[in-house]
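First to last, the sequence lines map onto chains A and B.
All residue numbers for the first sequence refer to my numbering, where the first residue is 1 and numbers rise by one.
All residue numbers for the second sequence refer to my numbering, where the first residue is 1001 and numbers rise by one.
Glycine residues also receive a C-beta, built at the ideal position from the N, C-alpha and C atoms.
Below: one structure, written as structure tokens.
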Amino acid sequence: MRGIILVLVLLLSTLSCLDLAQARPGGGHSSAGHGSSSPSGSSSSGSFSYNRSYSSGNYSTGTPVQVKPVSLVISLLFVIVLIILLKRLENRQVFTAAPTAVNRAAQQQKIKSGLESLKQSAPNFSGILFLDFVHSLYGKFYSYSTHPEFSYLSPFLSAELQQHFRQAQPWTINEVVINGIRWQEINTQDIEIESICLVIDANYTLHLQGKPTRYAVTERWLLHRKKGLLSPEPDKMQTLCCPYCGAPAHFTDAGKCGHCGSIVHQGEMQWCLGKRVVLRTTALAADDLVSYAEEQGTELATIKQADLTGQMLGFQQLHALPDWDTFWQAFVDDIVKAYFLTIYAHWSTRDWQAVRHLLSDRLYEANSFWLNLYAENNWFNRLDDLKITQVELVKIEQDKFYEAITVRVFASCYDYTEDAAGKLIGGSKRALRRYSEYWTFVRRTNAQPHTAPYSLTQCPQCGAPADNMGQTGECGYCGSKISTGQFSWVLFLIMQDDVYEG
Amino acid sequence: MKKALTTEFQTRLWDAVRAIEQDSQVEVVVVIRSRSEDYRDIALVWGILGALLSFTYIMFSPDLFEDWLVYCTPVLGFAIGYALAHWPWITRLGVGKQRLQKSVEIMARALFQKAGIRHTQAKIGVLVYCSWLEKSVYILPDRGAEMALPAEEWQRLRAEFQAIFISRKPTEALIAQLHNVQPLFNRYLPRLANDINELPDAMEIDL
């Protein structure tokens, strides 16, 4: 209605500006037969006759408007370009309030303070061990979900979560893989409890009525424990076990250990999952393996630890290093570059077991799953002509049990997926892909420093060939578990540059 | 609108949202869009109007025009009218208030669903949707949040948020208003122990 009124108003305004008494098709003069005709009648019947007449020169009065066709075309083009520009400017995207880099940096700072506070109140606290514990709990939470064994986890779950799968259908979940865990919040301000909130990116396969579906999920977990509790030793943190006797978790609903009979209440001896929320769930397809998104984040500035220099100095003093550069150069050459090239070379050939001793359990499991998916399709993810262009030190962390060094590795390669016959499935053999990743290496604080050059093909403990590593990262010759970082650096975490937050 | 959404504004906006969430159970999601609807029909109306006006001029002007001008000028008039309709105030001029409000409400409800704001356990999600072209803020609380606050408070809150467009700097007013509502949510929905943020920090809403 408003539109119609506007049209009428503007039309009338235009008409009122014109001299309607003289207006008629072929206007500009008062030739007989046209002067008295109504405007509408004239316009409907005479516009073309006027123009034809004008063209033929019958009307000789009035001011001829001289416009070159080219100027009208230019005007039209100009307006079209204007419309396109205006459409672009419109910004139809949805803007949602979300944390910016500044917010994230502030959050990281809070997390760091929280971790420091935890370490002060509980000297045994280790971020690496805590993540290992969460990893174990996450795996068991889903693999036990609808099975009777779920009650084994009773000391590690809140009363509400213990009932979580009671109403669920009898499904089975396996192939639980954690792809990433991010610290979200650490709260040590409460009088009675301390809590840690994490965001977990994971995958699992859910078998419902015999049909498997692979899901990618993002969850937020809130774990808590009694304030000031001393964290268990590493061997009791890296598996779900009774905090008293150390036997594998086998608890009743009431939290009674099936081995030693001790009662373990939630959060009183170990971290307990208080709440969890699922933020995203997506069903995955095989095609997702070969979807090559445009590289993002390579151009982003490196996120470095705020007091990196101080941490370097601390590390140097702790290990009585004569100078930082000597250590750093050896670390870059023998660990970062060597691991990076070796791990990706074996990734390309799907020979993941060959680098078992270089990887933490978590990283090995997560990537084994993906390589198995490639194997199921008989595909290979090739990374040809892999070159490291730069390595930057980003972060150094130390606690009672572990020390970790995070570096940003800039590299380039031809990244593509092909089948066994060499047919290209995804990616490109011609377009060089430049990318960067944040790699975190860890080792136990009491690990013996190497005097001889590193050898990636030998067990760091016994020196035997690393060709007999078990799935759990134990050397087949000496039986030592290598993947804990007890004897040498192991790759603990790989994070993409666009998601790394510090 | 694009100019107003600076990183500095986004940082402060997130801080304001976090402050509410850390002080109460409420999960606030703020969404801003340049417009809630395309209003393509309005652009077409302006285009037709442009064509009609130019044709009227050609028809009744005392000047003489060549054939090709009679043919092409209305086309140019249409394009100019269509282009002009992309200016927000011209679009607003052509659309009734009722339709503007309806468009905002429909978009807000779609965003609420698409963003999964309903996925909080206690139904305490609140969408604050700002639509720039319509100069309108639509507050859409989930059931739990709606029941927790008296209707009168919601009414007042809606009026206060709507008033941000009276301000010369609506973005600043929006942040100020978010800070203003913090005590209100804290009063009716105080934060519980072991509270967890149930919605993703960064939402990707494809609409």
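Rounded straight-line distance, which links the Cα of residue j to that of residue i
i: L393 (chain A); j: N1197 (chain B); result: 33 Å
i: Q209 (chain A); j: A1115 (chain B); result: 30 Å
i: Y477 (chain A); j: R356 (chain A); result: 14 Å
i: T445 (chain A); j: S231 (chain A); result: 17 Å
i: L300 (chain A); j: D498 (chain A); result: 8 Å
i: E474 (chain A); j: A97 (chain A); result: 47 Å
i: T1073 (chain B); j: L76 (chain A); result: 9 Å
i: L273 (chain A); j: D1041 (chain B); result: 54 Å
i: Y144 (chain A); j: E194 (chain A); result: 27 Å
i: R1191 (chain B); j: T172 (chain A); result: 36 Å
i: F133 (chain A); j: K1123 (chain B); result: 31 Å
i: Q461 (chain A); j: K119 (chain A); result: 30 Å
i: P69 (chain A); j: T1056 (chain B); result: 20 Å
i: C433 (chain A); j: D288 (chain A); result: Looking at the sequence provided, one finds Arg at residue 433 (chain A) rather than Cys. So the two alpha carbons sit approximately 19 Å from each other.
i: C245 (chain A); j: S136 (chain A); result: 18 Å
i: S527 (chain A); j: R350 (chain A); result: Residue 527 (chain A) is absent from the model: chain A starts at 1 and stops at 502.
i: P170 (chain A); j: L206 (chain A); result: 10 Å
i: W183 (chain A); j: P1200 (chain B); result: 14 Å
CB contact below 8 Å: residue i versus chain A
i: V1017 (chain B); result: yes
i: Q1025 (chain B); result: no
i: P1200 (chain B); result: yes
i: T1091 (chain B); result: no
i: H1179 (chain B); result: no
i: A1083 (chain B); result: yes
i: T1011 (chain B); result: yes
i: R1033 (chain B); result: yes
i: L1076 (chain B); result: yes
i: N1194 (chain B); result: yes
i: N1186 (chain B); result: no
i: W1154 (chain B); result: no
i: T1007 (chain B); result: yes
i: M1203 (chain B); result: yes
i: V1029 (chain B); result: yes
i: A1151 (chain B); result: no
Residue i at chain B interface by Cβ criterion, 8 Å
i: V134 (chain A); result: no
i: N203 (chain A); result: no
i: R356 (chain A); result: no
i: V499 (chain A); result: no
i: Q496 (chain A); result: no
i: H224 (chain A); result: yes
i: A21 (chain A); result: Unreliable placement is indicated for A21 (chain A), whose pLDDT of 42 sits below 50; no coordinate value is reported for it.
i: L313 (chain A); result: no
i: C272 (chain A); result: no
Residue i, DSSP secondary structure in three states
i: P39 (chain A); result: Summary for P39 (chain A): the model assigns pLDDT 40, below 50, so the residue's position carries little reliability; its value from the coordinates is reported in the next sentence. Correct three-state label for P39 (chain A): helix.
i: F156 (chain A); result: helix
i: Q496 (chain A); result: strand
i: G258 (chain A); result: coil
i: I263 (chain A); result: strand
i: L393 (chain A); result: strand
i: Y438 (chain A); result: strand
i: S501 (chain A); result: Sequence check: residue 501 (chain A) is Glu here, not Ser. Coil at E501 (chain A), not helix or strand.
i: V1026 (chain B); result: coil
beta-carbon residue i near the ligand ADP non-hydrogen atom, thresh 7 Å
i: E376 (chain A); result: The ligand ADP is not part of this structure, which contains no ligands at all.
Neighbour-count burial assignment, residue i, 16 or more Cβ in a 10 Å radius
i: V1126 (chain B); result: buried
i: S113 (chain A); result: exposed
i: H265 (chain A); result: exposed
i: Q378 (chain A); result: Here residue 378 (chain A) turns out to be Asn, not Gln, going by the sequence shown. Result: exposed.
i: W1068 (chain B); result: exposed
i: I84 (chain A); result: exposed
i: E1027 (chain B); result: buried
i: T63 (chain A); result: exposed
i: H224 (chain A); result: buried
Anticipated Cβ contact below 8 Å, residue i with residue j, distance rounded
i: Q1025 (chain B); j: L1189 (chain B); result: 4 Å
i: L198 (chain A); j: I181 (chain A); result: 5 Å
i: L491 (chain A); j: L363 (chain A); result: 6 Å
i: L1049 (chain B); j: G1081 (chain B); result: 5 Å
i: G502 (chain A); j: A105 (chain A); result: 7 Å
i: G1047 (chain B); j: F1009 (chain B); result: With 8 Å as the limit, G1047 (chain B) and F1009 (chain B) do not qualify as a contact, their Cβ atoms being about 35 Å apart.
i: A411 (chain A); j: T389 (chain A); result: 6 Å
i: Q548 (chain A); j: P155 (chain A); result: Examination of residue 548 (chain A) is not possible in this model, given that chain A is present from 1 through 502 alone.
i: Q215 (chain A); j: T298 (chain A); result: Sequence inspection shows Tyr at residue 215 (chain A); the Gln mentioned does not correspond to that position. Rounded, the Cβ-Cβ distance is 29 Å, inconsistent with contact.
i: S488 (chain A); j: S360 (chain A); result: That pair is no contact at about 12 Å.
Per-residue contacts from residue i into chain E (C-beta, under 7 Å)
i: I1080 (chain B); result: The chain inventory of the structure shown lacks chain E, comprising the protein chains A and B.
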